[in-house]
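In terms of the working numbering, the sequence shown opens at residue 74 and continues consecutively.
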Amino acid sequence: MEQSTLLAALNSVTAIPVIPFKDGQIDFDGHRKNVAYLMSNNYLSDNRPRVIAIGGTSLLHHIEAKDQVALVEATGQQMEDANVRTDVNGILISGIVPNPISQAEELIRGQSNLDRVPDAYLLMPLSGINNPDGIYQQYSQFAQKFGEQYGARFLYYFRQKRNLEVVIRLVNESPHFIGVKVGTDESDIEALINGIGDSGLVMWGIGDRCTQAHRLGTRGHTSGIAVAFARASDEINNAQRSGDLAASQRIEDKIAALEEIRFRNERVYNYSAVVEAIIQSGLDDIEGGAGGPFNPRLPDEIVVEVKAAIADLNPYH
């Protein structure tokens, strides 16, 4: 896929489905079910392809390397099986935790040999274990090596404000870095957009409460709730692309309570609230699982909040 085509496609909803677990193991059948739902329920305007990513909301940090490769393989296969709207089998983004860097290299080698190779990789560095100079040096070398060897393209998940200038340098100077996912707050958007300019994409990376971020200049957003309420996420993006930010805000207001639960107290229920929403919705074409590693089912009082938050959302499924 041409880079310009990929960047245009990423001005969209990047759906990051929770990975369902059963008896402590990944439920691959359940995951395929969720991917099939996302592919078959595409409400994006202009016949645009679905974008699916395996990322932090998927609990990628708790999954062994071999299972990560298997997940990406299963995702790509299901995206092709469920190709229902366009001649493009969706856009596949694979999250990579580059710590240690040797494991990141192993993951990209493995995924580059799949029948369905990811269209881009989202680099998700751990915090508190590096400095900006080291990030620039390591990731520029890493991107050059795998960009040249496999044609890999990278998005940087920006979570530490101190790395702002480094992120801008990477996108401007490396042809293999195509953009940044903003994971800090809205105050960094202007600097990133001004610094990156036309060199890459600046995407909002903190869920569907994204109307203000779009107003400030981001294009596209990630969604952890699209796996349950795809229509809400898609219609938010459709409204933003058409310039109707009032419509975007109206839909955002409807999902805001669920997003508030997910992102409160430093994202304490980022995964578990989505699992609970799937379970409590009673919908049978998606699978939430039984809770994941380090992310058990919610306390009873939070379950009550989730039920209230999703009470009127089934029309957006």
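Note that the Cβ used here is the ideal one computed from N, Cα and C, for glycine as well.
Mind checking residue i: buried by the 16 CB within 10 Å criterion, or exposed?
{"i": "Thr87", "result": "buried"}
{"i": "Pro173", "result": "exposed"}
{"i": "Val377", "result": "exposed"}
{"i": "Gln217", "result": "exposed"}
{"i": "Gln313", "result": "buried"}
{"i": "Pro171", "result": "buried"}
{"i": "Gln210", "result": "exposed"}
{"i": "Asn186", "result": "exposed"}
{"i": "Asn311", "result": "buried"}
{"i": "Leu371", "result": "buried"}
{"i": "Glu360", "result": "buried"}
{"i": "Asp357", "result": "exposed"}
{"i": "Asp192", "result": "buried"}
{"i": "Arg121", "result": "buried"}
{"i": "Leu199", "result": "exposed"}
{"i": "Ile202", "result": "exposed"}
{"i": "Phe215", "result": "buried"}
Tell me the DSSP secondary structure of residue i in three-state form.
{"i": "Gly103", "result": "helix"}
{"i": "Gly168", "result": "strand"}
{"i": "Ala363", "result": "coil"}
{"i": "Asn311", "result": "helix"}
{"i": "Asn84", "result": "coil"}
{"i": "Thr257", "result": "coil"}
{"i": "His134", "result": "helix"}
{"i": "Met152", "result": "helix"}
{"i": "Ser200", "result": "coil"}
{"i": "Asn368", "result": "strand"}
{"i": "Gln141", "result": "helix"}
{"i": "Gln233", "result": "coil"}
{"i": "Asp188", "result": "coil"}
I'd like the span of the alpha helix (DSSP H) that includes residue i, first residue to last.
{"i": "Tyr209", "result": "Pro205 to Tyr223"}
{"i": "Gly268", "result": "Ile262 to Ile269"}
{"i": "Ser296", "result": "That residue, Ser296, is in no alpha helix (DSSP H); its beta strand (DSSP E) goes His294 to Ser296."}
{"i": "Asn245", "result": "Leu237 to Glu246"}
{"i": "Thr284", "result": "Thr284 to Leu289"}
{"i": "Leu376", "result": "Here the sequence assigns Val to residue 376, which means Leu is not the residue at that position. Residues Asp373 to Ile383."}
Give a single yes or no on whether residue i has its beta carbon closer than 7 Å to a heavy atom of the ligand MG.
{"i": "Arg121", "result": "The ligand MG is not part of this structure, which contains no ligands at all."}
Using DSSP's beta-bridge definition, name the partner residues of residue i.
{"i": "Ile127", "result": "Ser167"}
{"i": "Leu195", "result": "Gly168 and Leu228"}
{"i": "Val275", "result": "Val253"}
{"i": "Phe302", "result": "BP columns for Phe302 are empty, so no partner."}
{"i": "Phe94", "result": "Ile99"}
Cβ contact check for the segment 125 to 142 and the segment 87 to 101: 3 or more pairs under 8 Å: yes
Touch test, the segment 142 to 151 against the segment 173 to 184, Cβ-Cβ under 8 Å, three pairs minimum: yes
Segment contact, 8 Å Cβ cut-off, at least three pairs: the segment 290 to 310 with the segment 269 to 281: yes
Any 3 or more C-beta pairs closer than 8 Å across the segment 252 to 265 and the segment 229 to 244: yes
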